[in-house]
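Okay, so here's the structure we're looking at.
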Amino acid sequence: MDSTVTITPAGAAPAPAVPAQVRDARDRIALLSDDGSFQEFGSRARHRATAFGMERKRPAGDGVVTGTAHVGGRAVGVFAQDPATLGGSLGETHAAKITRVLDQAGRARIPVVGLLDSGGARIQEGVAALDGYGEIFRRNVRLSGRVPQISVVLGACAGGAVYSPALTDIVIMSQDAHMFLTGPRVVQAVTHEQVGPAELGGAQVHGRASGVAHLVADGTAHAVELAKLVLNYLPSSCWEPPPVAPPADPGPMPDVPANPRHTFDVRPVIKAVVDGGSFLELQPRFARNIVIGFGRVEGRPVGVVANQPISRAGTLDIDSSEKAARFVRMCDAFGLPLVTLVDTPGFLPGSAQERGGVIRKGAKLLYAYAEASVPRVTVVLRKAFGGAYIVMNSRSLGADAVFSWPGAELAVMGAEGAVDVIHRRELAADPTRRDELIARYRAEAMAPEIPCERLSVDEIIAPGETRAAVAVSLRNLAGVPAPEFRHDNLPQ
Ligand code: HXC
3 MDSTVTITPA GAAPAPAVPA QVRDARDRIA LLSDDGSFQE FGSRARHRAT
53 AFGMERKRPA GDGVVTGTAH VGGRAVGVFA QDPATLGGSL GETHAAKITR
103 VLDQAGRARI PVVGLLDSGG ARIQEGVAAL DGYGEIFRRN VRLSGRVPQI
153 SVVLGACAGG AVYSPALTDI VIMSQDAHMF LTGPRVVQAV THEQVGPAEL
203 GGAQVHGRAS GVAHLVADGT AHAVELAKLV LNYLPSSCWE PPPVAPPADP
253 GPMPDVPANP RHTFDVRPVI KAVVDGGSFL ELQPRFARNI VIGFGRVEGR
303 PVGVVANQPI SRAGTLDIDS SEKAARFVRM CDAFGLPLVT LVDTPGFLPG
353 SAQERGGVIR KGAKLLYAYA EASVPRVTVV LRKAFGGAYI VMNSRSLGAD
403 AVFSWPGAEL AVMGAEGAVD VIHRRELAAD PTRRDELIAR YRAEAMAPEI
453 PCERLSVDEI IAPGETRAAV AVSLRNLAGV PAPEFRHDNL PQ
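Offset between the sequence shown (1-based) and my numbering: plus 2.
And the structure:
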């Protein structure tokens with residue numbers, strides 16, 4: 003049976019047709035669902051707590067609306083927490099309703115979208131509430147890599163209400179929402195630190211500094227639109243192919259400076275490789291020295307990873323390695339081929355990186371690529387040095403096709419550094435020979451023709467041929483069989 007789903011892709015930045023802020027949980031689900039498709043369950047469920055006068059506060063539904071819906075014609079498990087009911091806090095019954103959604107999604111092999119707005123474990127219910135989160139986390143992990151899980155954070159979320167999203171594949175945060183393990187009042191009580199909610203866990207913090215949020219939205223409606231957009235790139239489960247869209251022409255290939263030491267923005271190059279309007283960048287403000295995102299090539303979803311020369315010269319470092327590693331693993335888990343555009347002088351050297359664990363954390367990206375079994379195409383744009391050459395989906399790590407632009411430099415290190423090491427004695431005797439030795443090293447050790455000779459690079463292609471080379475490669479690799487199950491999407 004051909005189970006390929008064809009979708010009509012939404013634009014990358016849809017204009018919300020409804021007011022930006024929507025507070026009611028059912029209204030939020032209505033924004034997400036195809037008209038009339040939501041089937042609710044558990045609307046009459048109530049908690050059984052009696053401590054702290056809770057027997058007098060037993061709202062129907064227990065602060066969360068749960069069920070299944072269709073989104074773009076595909077079935078999805080959904081829950082939406084209601085901030086107006088006990089602060090959206092999670093007690094035993096509230097948790098049982100969410101675990102039912104997760105269990106059903108696992109059985110039916112459909113994605114889960116959570117619309118979160120919760121103060122975390124319901125304090126009055128004590129360990130019963132904590133265990134409720136344990137039950138949710140266990141299911142988030144069991145579903146990881148099997149069905150896509152998308153978290154949309156729409157209000158002040160604390161404790162388990164942020165740890166569950168952190169276990170899911172994609173976190174979308176409304177710009178007015180907050181995420182923290184413990185809220186400002188608890189922080190002040192415990193540590194006496196005075197910090198406001200935005201400073202502690204606003205969209206600026208999680209969109210830029212922590213990288214927790216993959217996407218930051220203008221408000222509720224926009225956040226929900228982004229969740230729908232993300233679903234367009236992901237299969238219903240790892241056992242289904244990703245949905246296809248009608249093919250579209252790519253954008254024009256920009257002029258890229260030939261000198262590898264001059265910077266340029268890699269995003270127009272990505273847009274010249276993928277179908278027009280299909281690139282959706284994730285974590286765009288976090289670890290900007292690497293760009294990750296979904297796109298489509300000839301209508302089929304792909305994951306794109308590209309070094310970004312305008313940020314930290316496109317070096318790999320701790321944050322960029324972790325950012326890309328999790329993305330590579332997510333794409334691999336859900337069968338999205340990987341397109342990697344390489345333009346990096348190497349790993350960022352220095353004691354800050356070493357102390358921060360760049361060996362341990364850089365290894366995550368190495369591991370992710372080496373493990374990936376989806377079709378993988380690499381294009382070296384202008385330079386690929388040292389460990390970063392290997393890490394960025396090299397032939398030796400298992401790339402299916404490797405192309406290089408003419409004049410690119412591929413070597414253990416840049417010419418200046420290499421000459422200072424291997425010609426140290428000659429240079430000590432005659433420093434005027436440095437330029438000549440650098441030119442010789444460039445010609446004899448760095449040109450892409452050299453790795454072509456030993457099949458590390460398949461072909462040298464002109465920039466204008468990049469889209470065609472990638473598209474033809476992916477078309478010809480479409481028959482790569484998918485294993486029964488690849489792996490989970492462990493948080494990095
Ligand atoms: C019970 C809660 C609650 C909670 C909020 N409320 N959080 N009730 N348990 N966890 C209730 C409030 O009492 C209030 O009820 C209503 O929700 C709205 O809360 P406000 O504080 O008025 O709202 P706001 O000013 O917007 O502040 C939101 C907040 C704050 C920042 C989330 O409520 C807060 O700090 N809550 C505690 C957050 C926290 O530390 N949670 C961690 C739980 S531990 P009334 O009746 O007055 O309207 C946890 C363990 C998970 O989750 C394990 C992780 C590994």
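Idealized CB from N, CA, C, for every residue including glycine.
- Contact check for T380 against A401 passes: the beta carbons are separated by less than 9 Å.
- Listed as beta-bridge partners of H180 by DSSP are A158.
- Per the Cβ contact rule, the stretch 210–227 is in contact with the stretch 138–157 (3 or more Cβ pairs under 8 Å).
- Residues of the same chain with a CB within less than 7 Å of the CB of A390, apart from the 5 flanking positions on each side, are L318, T346, G348 and F349 in chain order.
- The beta-bridge partner set that DSSP reports for E227 is empty.
- Taking a contact as a CB-CB distance under 8 Å, the pair R148 and D105 does not count as one, their CB atoms being some 12 Å apart.
- One Cα belongs to I31, the other to Q177, and the distance between them is close to 19 Å.
- In this structure, the straight-line span from the alpha carbon of V73 to that of T101 is close to 20 Å.
- Ranking G359, E242, R302 and L383 by CA distance to the CA of H264 puts L383 first.
- One thing to note: S280 has its Cβ within 9 Å of the Cβ of R298.
- Going by DSSP, Q83 is part of the beta strand (DSSP E) stretching over R76 to Q83.
- Distance from the Cα of G185 is smallest, within the candidate group L132, G204 and F43, for G204.
- Secondary structure within the stretch 212–274: the beta strand (DSSP E) runs of 3 or more consecutive residues, fully enclosed, are 217–219 (chain order).
- Distances from the alpha-carbon of G161 to those of A179, I174, G121 and D171 put G121 closest.
- Taking 9 Å as the cut-off, the beta carbon of G337 is found closer than this to the beta carbon of P243.
- Taking the Cβ of T184 as the reference point, at least one heavy atom of the ligand HXC falls within a distance shorter than 8 Å.
- Secondary-structure assignment with DSSP links P303 through a beta bridge to R298.
- A distance below 8 Å between beta-carbons, with the five flanking residues on each side excluded, links G198 to the following residues of its chain, in chain order: P186.
- Annotated as proximal: L117 and Q83, with beta-carbon spacing under 9 Å.
- A Cβ-Cβ contact shorter than 9 Å links I292 with G316.
- Two segments are said to touch when three or more pairs of C-beta atoms, one from each, lie closer than 8 Å; by this definition the stretch 425–434 does not touch the stretch 364–378.
- L117 has A82 and V154 as its beta-bridge partners, per DSSP.
- Only exposed fits L457, as fewer than 16 other CB atoms lie within 10 angstroms of its CB.
- Per DSSP, reduced to three states, the secondary structure at A71 is strand.
- Relative to the ligand HXC, the beta carbon of S176 is positioned no closer than 8 Å to any heavy atom.
- Spanning the alpha carbons of E356 and I320 requires a straight line of approximately 9 Å.
- 9 Å or more divides the Cβ of E94 from the Cβ of A62.
- In this structure, P256 is the residue among G358, I440 and P256 with its C-alpha nearest to the C-alpha of R469.
- The Cβ-Cβ distance between V472 and V341 falls below 9 Å.
- In this structure, A97 sits near E137, with a CB-CB distance shorter than 9 Å.
- Here the alpha carbon of W407 sits roughly 9 Å from the alpha carbon of E467.
- For the stretch 353–437, the continuous alpha helix (DSSP H) assignments of 4+ residues that do not extend past its boundaries occur at 353–358, 360–373, 388–393, 417–424 and 426–431, in sequence order.
- Not one heavy atom of the ligand HXC lies closer than 8 Å to the C-beta of G63.
- The alpha carbon of D460 has as its nearest neighbour, out of A420, G419, S396 and R488, the alpha carbon of S396.
- As the crow flies, the alpha-carbon of E227 is around 7 Å from that of L34.
- Burial state of G416 is buried, judged by a 10 Å Cβ sphere holding 16 or more other Cβ atoms.
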